[in-house]
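*Asks:*
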Amino acid sequence: LFTQGMVTHAIYKTTDASGRPVYHYPEEVDLRDGKGFVKDTGEEVEIVPSAKMSKSKNNVVDPQAIVAQYGADTARWFVMSDSPPDRDVEWTASGAEAASKHLARVWRMADEIAAMSGEGSGDDELLREMHKAIDAVTKGIDGFLFNTSIARLYGFTNTLAKSKAGAETKRAAMKVMAQLMSPMTPHLAEDIWARLDGEGLVANAAWPVADPKMLVDESVTLPVQVNGKRRDEITVPKDMPKDEIEALALATQGCIRALDGKAPKKVIVVPGRIVNVVA
């Protein structure tokens with residue numbers, strides 16, 4: 002059993018006529034330009050940042066209210082994504098809202114992919130990123146590093162959104178997304194799984210396993226420097242010969258502009274790292 006760090010919240014405090022502190026619930030305070038004001042009176046409050054939630058300080062957020070407004074999946078996603086599990090996490094309305102918007106985006110994406118048909122391009126690249134996501138998320142969950150797993154899922158969401166791959170490949174990737182999200186957002190994951198005609202429940206599906214061959218990049222992006230300043234970059238196969246890398250680097254627009262018609266004195270190719278051109 003692993004216990005998440007405490008969920009904290011700012012304290013909103015004023016004083017009464019006798020100078021004693023009066024603590025206000027978050028929903029009683031209006032935040033504007035970094036300051037807080039009591040909604041009923043307009044009185045400015047003192048904001049004590051990131052303190053342990055305490056009934057005596059009224060800096061508590063009702064879980065039922067959170068679930069009613071955003072849903073249980075959003076609450077789980079935000080709490081696990083915002084901080085390493087051994088540290089406290091500060092609850093903020095903006096953080097919960099951002100988590101809710103992201104999950105809504107994932108659902109819209111699943112709905113669009115479910116309606117797709119036809120072929121595309123870049124299928125291999127998407128499949129490679131899918132296997133990298135499987136590997137990273139699995140390791141994160143195994144190590145109780147849920148925040149790193151969720152960070153990787155944010156990245157995979159962006160990759161999938163930009164991909165021009167065919168319908169079959171994108172559906173496969175979206176189904177894997179549902180499986181990887183299921184420990185954090187079980188309700189949304191089941192809805193996505195069903196929308197993509199997954200068999201049975203995603204909770205009962207075998208956890209995806211990354212193909213080790215797909216975790217190795219077949220290409221590498223090298224910066225091209227001219228006289229110590231980065232001017233361009235090239236993406237080449239890892240096993241490309243040095244002379245071919247040199248030719249590609251010299252043909253980039255950034256390098257051509259930097260040389261301004263002059264012949265390079267020396268070209269230094271560091272495989273897998275960089276191309277240095279000395280003019």
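Mapping the sequence shown onto this note's numbering, position 170 (from 1) lands on 171, and the numbers just tick up by one.
The beta-carbon is built from N, C-alpha and C at its ideal position, and this holds for glycine as well.
Looking at the secondary structure, which residues open and close the beta strand (DSSP E) in which E219 lies?
*Replies:* E219 -> no beta strand (DSSP E), and no H or E assigned at all.
*Asks:* Count the other C-beta atoms from every protein chain shown that fall within 10 angstroms of the C-beta of Y155, then say buried if there are 16 or more, exposed otherwise.
*Replies:* Result: exposed.
*Asks:* Tell me, to the nearest whole angstrom, how far the beta carbon of L181 is from that of V225; I am working on the premise that it is less than 8 Å.
*Replies:* Not confirmed; about 36 Å, so no contact.
*Asks:* Curious, which full-length alpha helix (DSSP H) runs of at least 4 residues does the region 143 to 169 contain?
*Replies:* 147 to 163
*Asks:* Which residues in the same chain have their Cβ closer than 6 Å to the Cβ of R77, if we skip the five residues on either side of it in sequence?
*Replies:* M185, listed in sequence order.
*Asks:* Would you mind working out which of E191, A97, L260 and K243 sits nearest R232, comparing C-alpha positions?
*Replies:* L260
*Asks:* With DSSP as the reference, label L260 as helix, strand or coil.
*Replies:* helix
*Asks:* Helix, strand or coil, according to DSSP, for Y24 in the structure here?
*Replies:* strand
*Asks:* Since G37 is in the beta strand (DSSP E), which residue starts that stretch and which ends it?
*Replies:* K36 to V39
*Asks:* DSSP three-state label for L32, please.
*Replies:* strand
*Asks:* Taking just the CA atoms, how far does L216 sit from R129?
*Replies:* 7 Å
*Asks:* Which one of A280, N159 and D240 has the shortest CA to CA distance from A134?
*Replies:* N159
*Asks:* Candidates M131, V276 and I151: which alpha carbon is nearest V221's?
*Replies:* Closest by alpha carbon: V276.
*Asks:* Exposed or buried, G141, counting other C-beta atoms within 10 Å across all chains shown (16 or more means buried)?
*Replies:* buried
*Asks:* Quick check on E234: does DSSP put it in helix, strand or coil?
*Replies:* strand
*Asks:* Where does A66 land, buried or exposed, given buried means 16+ other C-beta within 10 angstroms?
*Replies:* exposed
*Asks:* Have a look at P293 and L251 and give me their C-alpha separation to the nearest angstrom.
*Replies:* A question about residue 293 goes unanswered here, because the residues of the chain that appear run from 2 up to 280.
*Asks:* Taking the continuous alpha helix (DSSP H) assigned at V203, which residues delimit it?
*Replies:* Counting along the chain, V203 falls outside any alpha helix (DSSP H), and DSSP gives it neither H nor E.
*Asks:* For a quick check, are the C-beta atoms of A211 and D136 less than 8 Å apart?
*Replies:* Contact flag set, yes.
*Asks:* Can you give the Cα-Cα distance for V268 and R274, rounded to whole angstroms?
*Replies:* 14 Å
*Asks:* Expressed to the nearest angstrom, what Euclidean distance is found between the alpha-carbon atoms of L223 and K40?
*Replies:* 56 Å
*Asks:* Could you give the first and the last residue of the continuous beta strand (DSSP E) run that contains V268?
*Replies:* K267 to V271
*Asks:* CB C256 to CB V271, shorter than 8 Å?
*Replies:* no
*Asks:* Is it buried or exposed, S82, if we count other Cβ atoms within 10 angstroms and call 16 or more buried?
*Replies:* S82 comes out buried.
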